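Sequences listed follow chains A and B, in order.
When you line the first sequence up against my numbering, it's residues 41 to 301, in that order.
When you line the second sequence up against my numbering, it's residues 41 to 301, in that order.
Ideal Cβ placement from N, Cα and C applies to all residues, glycine included.
What you are looking at is a predicted structure, and each value in this text was computed from that prediction instead of being measured.
Number of protein chains: 2
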Amino acid sequence: MTLKLDKVNRGPHLSTLVASSISREIAQGRLKPGDQLPTEQALATTFGVSRNVVREAIARLRSEGRIWSQQGRGAFVADATNATVLTIDYETLQRADSFRNLFELRGMLEVQIAALAATRRSDADIAAMEQALDGMRTAPYGSVAWLKNDLGFHRAVAEATQNPYMGQFLVFVSERVRESILAAGNQQKSDDMARTTLGEHERILAAIKAGDVKGASAAMTRHLAGAASRVGLPGGEASAKPASPARHSRLRKAMRGQAAG
Amino acid sequence: MTLKLDKVNRGPHLSTLVASSISREIAQGRLKPGDQLPTEQALATTFGVSRNVVREAIARLRSEGRIWSQQGRGAFVADATNATVLTIDYETLQRADSFRNLFELRGMLEVQIAALAATRRSDADIAAMEQALDGMRTAPYGSVAWLKNDLGFHRAVAEATQNPYMGQFLVFVSERVRESILAAGNQQKSDDMARTTLGEHERILAAIKAGDVKGASAAMTRHLAGAASRVGLPGGEASAKPASPARHSRLRKAMRGQAAG
DNA sequence: GCTTGTCGTGTTATCATACAACCCTGATTT
DNA sequence: AAATCAGGGTTGTATGATAACACGACAAGC
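What follows is the structure, encoded as structure tokens:
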């Protein structure tokens, strides 16, 4: 497990290995923005693969905005801000602080989205939320169907903002959070949890239905606090509300260590 | 005259065209999750390109989590939630409502981030913000250096939350907003704007420095409202520019026979 | 001196072909 | 009937070749 990757470890495709190898060179600063990559032929020989595989890796990195290439000149490392895609790789997801940070981001989005949804929801949006809630009622807690409807509810809330990017971002973050939970693997189920969770959702729906902005965000905040405790996070800090101000120095130190990874 | 070359020629690669074509088929529902894609050979002949090009496109879509493939079987459309990357394609960016929606999302993030930053900022974070502000003071309004420091300020605020994902998401959204502004192409500069914008930033910094949560979010809200009016958002909207006439090259011929886009 | 045109070299973009690894199906064998 | 094996189809990889393009060197012309 200490071995990072040299030959056959992760991706079943050689192009994946080549791509992550180059990607790591960039992330760790051995290839700086503006630097020219070795030629495809050179990369092919150094990696011991065909030029075709190298090209697939390059195509992938180019689509991610990490590099750009021009015919006749070569391939160059792009500026970090030019990344056209937002991606969170699987490895960092498995870290405990990543989980907490992602959850915090999700909470920030959810609370604001709930407030916005309360002002813009349509009848169709309400119907979608109710349908998702029904799906949760009939499915066992924690089952695939339950999770699907849970996500569906939150997506319906996001779509009630009439802003498609809200749902897009929220689903993306939520899926990362879910993967992170699965990676941690510490979830215990009980009928009690099912009832509590359902009740939280119902309160959110009621507030949105009533057009109660403050009530919607408050209900969502409570739901997130409950969800946090259910997955073993220290509670109510999920919202954007300030928590204990005394702890930020210790927290900062922890974050500095992470930034190096 | 200052020559602007920001408009990069988006993907003159055949693999890019093939990838977005397949991607569109998925997005518009003609290819549903679980469906099997045509074979690489079939795609190559229908697109009129070599199988190599198709493979680069497939590699790209696979890295985005849109499809998955298995040797000996074929390639299949993945579930939408399995997407490992969040991407906003260039075409939708040019629509006026996309701009407005993105701006709204950015504002939601910024305001919450500012509030959180006011509770968690460190001395180093403050220093980074001040440095960015200095950079804005010495650069002409709207110049590359000015924009760089503007983004740097907001990134510094995001990093003051001690949550790396905040900066990651905010920068991503902000860059899309900026591209969207460039696509619209209607920005007028004045020294007045420079002073106003700087003042708004200074108030944000002061509130964060003082640990004033409500003040920080209020100052950020004001800044965003000002920025919105400066890019002509509230009453008038960013004009939707018609697509520039595509240069006629051999490449486009490969796209014929493809569903109308 | 300076510009302009041409050419050669190196690199990427694309094409074409071949083989290996693998999956699936169905006939053959046990 | 069950296990085995052969065959075709598909993706994964390798290899070689050609076209398009960039860039510097060099010579020709002013």
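Judged by DSSP secondary structure, residue 127 of chain A falls within the beta strand (DSSP E) whose first and last residues are 125 to 127. Ranked by how close their Cα comes to the Cα of residue 245 of chain B, the residues B/159, B/233, B/114 have B/159 in first place.
By the CB criterion at 7 angstroms, residue 216 of chain A and residue 142 of chain A fall inside the cutoff.
For residue 135 of chain B, no CB of chain A lies under 7 angstroms from its own CB, so it is not counted at the interface with that chain. If you draw a 10 Å sphere on the C-beta of residue 131 of chain B, you find fewer than 16 other C-beta atoms in it, and that means exposed. Excluding residues up to 5 positions away in sequence, 103, 104, 105 lie with their Cβ nearer than 8 angstroms to the Cβ of residue 125 of chain A in the same chain.
Annotated three-state conformation of residue 118 of chain B is coil, per DSSP. The closest CA to that of residue 194 of chain B, considering only B/177, B/214, B/114, is found on B/214. Closest in C-alpha terms to residue 118 of chain A, from the list A/112, A/101, A/144, comes A/101.
For the set B/82, B/243, B/249, the Cα lying nearest the Cα of residue 163 of chain B is the one of B/249. Taking C-beta separations shorter than 8 angstroms and ignoring five residues to either side along the sequence, the partners of residue 258 of chain B in its chain run 247, following chain order.
Burial is judged here by how many other beta carbons sit within 10 angstroms of a residue's own beta carbon; residue 108 of chain B has fewer than 16 and is exposed. Residue nearest to residue 256 of chain A within the set A/243, A/85, A/268, A/267 is A/243 (criterion: CA-CA distance). At a cut-off of 7 angstroms between C-beta atoms, residue 189 of chain A does not count as an interface residue with respect to chain B. For residue 204 of chain A, the chain B residues whose Cβ falls inside 7 angstroms of its Cβ are 141, in order along the chain. Within the model, the alpha-carbon separation for residue 254 of chain B versus residue 121 of chain B is close to 36 angstroms. Of all residues in the stretch 220 to 250 of chain A, none has a C-beta nearer than 9 angstroms to a C-beta of chain B. When 7 angstroms is used as the limit between beta carbons, residue 148 of chain B is near these residues of chain A: 152, in chain order. When DSSP reads this structure, residue 76 of chain B sits in a beta bridge with B/116.
Within the model, the alpha-carbon separation for residue 128 of chain A versus residue 196 of chain B is close to 20 angstroms. With 16 or more other CB atoms across the displayed protein chains lying within 10 angstroms of its CB, residue 220 of chain A is buried.
Residue 190 of chain A counts as buried, since no fewer than 16 other beta carbons sit within 10 angstroms of its beta carbon.
Of the residues B/192, B/182, B/180, B/83, the one whose Cα lies closest to the Cα of residue 169 of chain B is B/192. Against chain B, the CB of residue 116 of chain A has no partner CB under 7 angstroms away; the residue lies outside that interface. The beta carbon of residue 173 of chain B lies closer than 8 angstroms to those of 189, 193, 238, 241, 242, 245 in the same chain, with the five residues before and after it left out. Around the beta carbon of residue 178 of chain A, fewer than 16 other beta carbons lie within 10 angstroms, which makes this residue exposed.
For residue 152 of chain A, the three-state secondary structure derived from DSSP is helix.
For residue 111 of chain A, no beta strand (DSSP E) encloses it, and the DSSP letter there is neither H nor E. Residue 165 of chain B counts as buried, since at least 16 other C-beta atoms from the protein chains shown sit within 10 angstroms of its C-beta. Nearest Cα to residue 262 of chain B within the set B/137, B/167, B/182, B/154: B/154. Residue 181 of chain A is a Cβ neighbour of residue 233 of chain A, given a cutoff of 7 angstroms. Contact of residue 55 of chain A with chain B is assigned, a C-beta pair being separated by under 7 angstroms.
For residue 126 of chain B, the closest Cβ of chain A is nearer than 7 angstroms. Taking a Cβ-Cβ threshold of 8 angstroms, the residues of chain B close to residue 121 of chain A are 191, 211, 215, in chain order.
In the DSSP assignment, residue 264 of chain B falls within the unbroken alpha helix (DSSP H) covering 253 to 270. From the beta-carbon of residue 103 of chain A, the residues of chain B found nearer than 8 angstroms are 56, 59, 100, 103, 104.
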